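K.L.:
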Amino acid sequence: MYDPKSKRAEDFINHEEIMETLDYAQKNKHNRELIDEILNKARLRKGLSHREAAVLLDCDLEDKNQEIYALAEQIKKDFYGNRIVMFAPLYLSNYCVNGCVYCPYHAKNKHIARKKLTQEEIRREVIALQDMGHKRLALETGEDPVNNPIEYVLESIKTIYSIKHKNGAIRRVNVNIAATTVENYRKLKEAGIGTYILFQETYHKESYLKLHPTGPKHDYDYHTEAMDRAMEGGIDDVGCGVLFGLELYRYEFAGLLMHAEHLEAVFGVGPHTISVPRIKRADDIDPGVFDNGIDDDTFAKIVACIRIAVPYTGMILSTRETKACRERVLHLGISQISGGSRTSVGGYDQPERSDECSEQFDVSDQRTLDEVVNWLMGMGYIPSFCTACYREGRTGDRFMSLCKSGQIQNCCLPNALMTLKEYLMDYASPDTKAKGLAMIEQEIENIPKEKVRQIVREHLAEIERGNRDFRF
Ligand code: SAM
441 MYDPKSKRAE DFINHEEIME TLDYAQKNKH NRELIDEILN KARLRKGLSH
491 REAAVLLDCD LEDKNQEIYA LAEQIKKDFY GNRIVMFAPL YLSNYCVNGC
541 VYCPYHAKNK HIARKKLTQE EIRREVIALQ DMGHKRLALE TGEDPVNNPI
591 EYVLESIKTI YSIKHKNGAI RRVNVNIAAT TVENYRKLKE AGIGTYILFQ
641 ETYHKESYLK LHPTGPKHDY DYHTEAMDRA MEGGIDDVGC GVLFGLELYR
691 YEFAGLLMHA EHLEAVFGVG PHTISVPRIK RADDIDPGVF DNGIDDDTFA
741 KIVACIRIAV PYTGMILSTR ETKACRERVL HLGISQISGG SRTSVGGYDQ
791 PERSDECSEQ FDVSDQRTLD EVVNWLMGMG YIPSFCTACY REGRTGDRFM
841 SLCKSGQIQN CCLPNALMTL KEYLMDYASP DTKAKGLAMI EQEIENIPKE
891 KVRQIVREHL AEIERGNRDF RF
């Protein structure tokens with residue numbers, strides 16, 4: 441039976457509840473009165489239930505859809521301003537014992553180059569990432585208890601945090617590794633990780649079992665209950681996501697929101713982030729064989745409806761998406777993007793030779809970080825390299841209360857401007873630097889408190905004198 445408070449996957453991601461939700465949404469997709477009611481509730485900025493959000497997702501009344509997009513844009517502005525947080529993935533190892541049919545790292549793939557970085561290779565990758573200007577990473581590994589045990593991941597995190605090259609530093613390491621035990625999550629927490637990210641891939645159990653035919657990831661319940669174990673292990677920032685294209689997007693959308701409702705109901709805090717990856721071409725993977733691919737219009741609608749349904753949850757967009765698609769959805773609710781990404785193991789320090797490819801998927805946005813930063817500013821966004829919340833202990837519900845208090849403009853905007861200034865001083869091309877400095881001058885005026893403005897000006901001057909790492 442559907443129960444968001446239950447700890448059992450089949451109760452909080454309840455198939456019958458999802459089917460009824462989809463039916464309800466389908467029946468009400470032209471119901472103006474109900475849609476207006478839901479939109480009015482959404483305007484309170486306290487979020488929506490999965491059922492309400494599913495109606496908005498299905499709605500095909502043109503004028504109401506325009507209202508949905510406008511509201512998503514407004515909510516995004518209210519909570520995240522025009523800031524976009526930057527990160528990069530770092531692939532440590534592509535050894536994997538699973539059989540995920542959409543991923544080229546699956547165990548039966550005998551021709552993909554298998555690589556695992558040594559600590560010395562990680563050091564070189566991190567220096568390359570620091571030299572680009574990155575401060576925040578997402579660690580990625582395949583699942584392989586022999587080649588990538590938790591000890592390897594922990595040692596790698598320690599290595600990453602220890603590297604200080606020129607003015608560079610990785611200040612937040614998020615981790616995207618396979619579902620694991622409470623004990624291992626506790627170890628990750630102790631190692632100082634930021635968010636623990638795990639994509640559900642699909643919430644549809646029957647499809648999940650077919651898409652993950654072999655290996656530990658085949659266990660749907662263990663995978664679906666992973667965030668509960670992570671929270672029990674003390675990680676209060678978790679990142680959810682589905683791989684769009686595997687199953688019907690309406691089903692995934694409802695499942696994703698039910699997962700968020702479950703975490704909120706049990707732990708008092710929903711997911712810190714939601715990612716919206718779409719399946720991509722990769723080594724021996726043809727996305728065309730999956731029947732549920734979504735077009736850019738549907739993708740934009742999903743992003744807008746997630747933004748409205750969970751206003752406090754960050755939303756992440758990767759370089760799986762093209763520049764054009766990124767432009768289209770940024771303003772609808774995305775708060776974090778990657779830039780200059782490589783999805784190969786060891787691809788930052790040395791570009792891979794074509795005969796030793798270890799990439800997880802094709803990257804659509806191949807621009808450098810500097811090009812991405814420049815492009816964002818050209819559209820009026822502030823690229824932010826901020827990692828302050830987690831380092832100040834503002835995780836879980838403490839982060840959410842900052843968001844809800846409306847104090848974010850006195851905190852996140854200054855932090856964004858100060859970390860952008862660091863980037864401009866240390867890594868930017870002349871054109872990016874000129875644009876960025878002008879933007880900072882302009883944006884300082886938008887900090888509400890005079891006292892905070894004054895402190896920011898002092899810190900910006902300090903950054904020019906060579907000092908680093910100021911934060912609120
Ligand atoms: N191995 C980890 C696990 O078991 O969850 C996750 C790390 S994996 C490197 C990161 C994510 O990439 C996966 O969760 C999956 O959603 C996504 N992915 C896999 N194959 C993909 C493809 N062909 N196109 C796009 N994304 C893909």
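The numbering of the sequence shown is the numbering used here, which starts it at 441 and goes up by one.
Ideal Cβ positions, reconstructed from N, Cα and C, are used throughout, including at glycine.
A quick note: this is a predicted structure, and the numbers were derived from the prediction, not measured.
Using the Cβ count rule (16 or more neighbours within 10 Å means buried), how would you classify Pro791?
P.N.:
Start at 1 with the first residue of the sequence shown, and residue 791 comes out as number 351. Exposed, by the Cβ-count rule.
K.L.:
Nearest to Glu502 by CA position, among Ala874, Gly733, Lys657 and Asp737, is which residue?
P.N.:
On the sequence shown, position 62 is the one that residue 502 refers to. Here the closest residue by C-alpha is Asp737.
K.L.:
First and last residue of the alpha helix (DSSP H) that includes Asn922?
P.N.:
The requested residue 922 is not part of the displayed model; the chain covers only 441 to 912.
K.L.:
Run through the DSSP bridge pairs and tell me what Leu530 is partnered with.
P.N.:
As a working mapping, residue 530 is identified with position 90 in the sequence shown. Looking at the DSSP assignment, Leu530 forms a beta bridge with Leu579.
K.L.:
So what does DSSP say about Glu881, is it helix, strand or coil?
P.N.:
In the sequence shown, residue 881 corresponds to position 441, counting from 1. Glu881: helix per DSSP, three-state reduction.
K.L.:
Does the stretch 771-781 touch the stretch 506-525, meaning 3 or more C-beta pairs lie closer than 8 Å?
P.N.:
Enough Cβ pairs lie closer than 8 Å, so yes.
K.L.:
Cβ atoms of Tyr542 and Phe730: under 8 Å apart, would you say?
P.N.:
The count along the sequence shown starts at 1 and reaches residue 730 at position 290. The count along the sequence shown starts at 1 and reaches residue 542 at position 102. Cβ distance < 8 Å, so Phe730 and Tyr542 count as in contact.
K.L.:
Could you check the C-alpha separation between Arg897 and Lys891 for me, to the nearest Å?
P.N.:
Taking the sequence shown and counting its residues from 1, the one referred to as residue 897 is at position 457. Taking the sequence shown and counting its residues from 1, the one referred to as residue 891 is at position 451. About 10 Å.
K.L.:
So, using beta-carbon positions, are Gly754 and His712 closer together than 8 Å?
P.N.:
Translated into positions along the sequence shown, residue 754 becomes position 314. Translated into positions along the sequence shown, residue 712 becomes position 272. Result yes, Cβ atoms of Gly754 and His712 sit closer than 8 Å.
K.L.:
Take Ala856 and list the residues in its own chain whose beta-carbon comes closer than 6 Å to its own, dropping the five residues that flank it on each side.
P.N.:
Indexing the sequence shown from 1 puts residue 856 at position 416. So the list reads Arg523, Ile822, Ser824 and Cys826, once near-sequence residues are dropped.
K.L.:
If you measure from each residue's Cβ to the nearest non-hydrogen atom of ligand 1, which ones come out under 6 Å, in chain order?
P.N.:
Going by the Cβ distance cut-off, the answer is Tyr542, Cys543, Glu580, Gly582, Glu583, Asn616, Ile617, Ala618, Leu638, Phe639, Glu641, Lys657, Leu683, Pro717, Ile719, Lys720, Ala722, Ile725, Arg760, Gln800 and Phe801.
K.L.:
Using a Cβ cut-off of 8 Å (strictly closer), state whether Ala510 contacts chain C.
P.N.:
Looking at the structure shown, chain C is missing, and only one protein chain is on hand.
K.L.:
Assign Ala764 to one of two classes, buried (16 or more other C-beta atoms within 10 Å of its C-beta) or exposed (fewer than that).
P.N.:
Here the question's residue 764 lines up with position 324 in the sequence shown. Exposed, since its Cβ has fewer than 16 Cβ neighbours within 10 Å.
K.L.:
For the alpha helix (DSSP H) containing Cys843, list its first residue and its last residue.
P.N.:
Sequence index remark: in the sequence shown, residue 843 carries index 403 (1-based). Taken as a continuous stretch (DSSP letters only), the alpha helix (DSSP H) holding Cys843 covers Gly836 to Ser845.
K.L.:
Is DSSP giving Met755 helix, strand or coil here?
P.N.:
In the sequence shown, residue 755 corresponds to position 315, counting from 1. Three-state result, Met755: strand.
K.L.:
Would Ser647 and Glu687 be called neighbours here (beta carbons separated by less than 8 Å)?
P.N.:
Locating residue 647 in the sequence shown gives position 207, counting from the first residue. Locating residue 687 in the sequence shown gives position 247, counting from the first residue. Yes, they are a contact pair.
K.L.:
Do you know offhand how far Thr620's Cα is from Tyr660's?
P.N.:
The residue you call residue 620 lines up with position 180 of the sequence shown. The residue you call residue 660 lines up with position 220 of the sequence shown. Computed Cα separation, rounded: 13 Å.
K.L.:
Given a cut-off of 8 Å, decide if Thr664 and Leu651 are closer than it, judged by their beta-carbon atoms.
P.N.:
For the purposes of this step, residue 651 is taken as residue 211 along the sequence shown, with counting starting at 1. For the purposes of this step, residue 664 is taken as residue 224 along the sequence shown, with counting starting at 1. No, the pair does not count as a contact, with Cβ atoms beyond the cut-off.
K.L.:
Between the Cα of Gly876 and the Cα atoms of Tyr863, Ile458 and Pro727, which residue gives the shortest distance?
P.N.:
Taking the sequence shown and counting its residues from 1, one reaches residue 876 at position 436. The shortest Cα separation from Gly876 among Tyr863, Ile458 and Pro727 belongs to Tyr863.
K.L.:
Between Gly521 and Leu853, which are expected to be in contact by the criterion C-beta below 8 Å, what is the C-beta distance as a whole number of angstroms?
P.N.:
By 1-based counting over the sequence shown, the position of residue 521 is 81. By 1-based counting over the sequence shown, the position of residue 853 is 413. That pair is a contact at about 6 Å.
K.L.:
State buried or exposed for Pro751, treating a residue as buried only when at least 16 other CB atoms are found within 10 Å of its CB.
P.N.:
Locating residue 751 in the sequence shown gives position 311, counting from the first residue. Classification for Pro751: buried.
K.L.:
If you compare alpha carbons, which of Ile637, Val709 and Thr654 is closest to Pro717?
P.N.:
As a position in the sequence shown, residue 717 is number 277, starting the count at 1. Selected option, being the one with the closest Cα: Ile637.
K.L.:
Do the stretch 791-800 and the stretch 549-564 meet, that is, are 3 or more Cβ pairs less than 8 Å apart?
P.N.:
Taking 8 Å as the limit for Cβ pairs, the verdict is that the stretch 549-564 does touch the stretch 791-800.
K.L.:
Taking the straight line between their C-alpha atoms, what separation do you get for Gln514 and Met671?
P.N.:
The residue you call residue 514 lines up with position 74 of the sequence shown. The residue you call residue 671 lines up with position 231 of the sequence shown. Distance between the alpha carbons of Gln514 and Met671: 31 Å.
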